[in-house]
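Notes follow the structure.
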Amino acid sequence: MQEDVPSEIRRPEDVYQLVAAEMSSLPNEHFVAIMLNVKNRVISKETIGIGTLNGAIVHPRELFRKAILKNAASIICVHNHPSGDPTPSQEDIKVTKRLFDAGEIVDINVLDHIIVGLEGFVSLKQLGMM
Numbered sequence: 001m002q003e004d005v006p007s008e009i010r011r012p013e014d015v016y017q018l019v020a021a022e023m024s025s026l027p028n029e030h031f032v033a034i035m036l037n038v039k040n041r042v043i044s045k046e047t048i049g050i051g052t053l054n055g056a057i058v059h060p061r062e063l064f065r066k067a068i069l070k071n072a073a074s075i076i077c078v079h080n081h082p083s084g085d086p087t088p089s090q091e092d093i094k095v096t097k098r099l100f101d102a103g104e105i106v107d108i109n110v111l112d113h114i115i116v117g118l119e120g121f122v123s124l125k126q127l128g129m130m
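Numbering (UniProt numbering), first residue to last: 1 to 130.
Shown next as structure tokens:
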């Protein structure tokens, strides 16, 4: 990992620092999962899906299959908004709830869902949406 990139996630800003350079200006939506161990140290960063200009389909099966194979204790979901505006859509909120619920079933915590834009990010957890 790069020297200036956090290897331990303590706050949403750490996630943004980890992904902003590669995700903030992508031409279509990418959904990424950051896999964490029990100490919130990054195990890996996995691309789960690549979508279109305004959407990326993410199925819990694909997300948690990768998390289980990596032996992750928890995950943080991240996706970008190519429009540059990180404001969550109703679909973003709905998908987050579905992934959170699935995580409870397989005992892998979904800690947050970060949406990355051109000049910043939004944390659904900080907004109280999960």
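We put the CB at the ideal spot given by N, CA and C, even for glycine.
Just so you know, these numbers come straight off a predicted model, no measurement behind them.
For L36, DSSP records a beta bridge to V42 and S74. When secondary structure is reduced to three states using DSSP, T96 falls in the helix class. As DSSP reads the structure, E8 sits in a beta bridge with R41.
With contacts defined by Cβ atoms closer than 9 angstroms, I93 and L124 form a contacting pair. Judged by pairs of C-beta atoms under 8 angstroms, the region 45-63 touches the region 80-93, as three or more such pairs exist. For N80, the beta-bridge partners assigned by DSSP are V116. Residue burial is scored here from C-beta neighbours: V106 has fewer than 16 other C-beta atoms within 10 angstroms and is therefore classed as exposed. For P86, the CB contacts under 7 angstroms within the same chain, skipping 5 residues up- and downstream, are I115, V116, G117, G120, F121 and V122 in chain order. Your pair L18 and I75 does not check out as a contact, with CB atoms roughly 13 angstroms apart and the cut at 8 angstroms.
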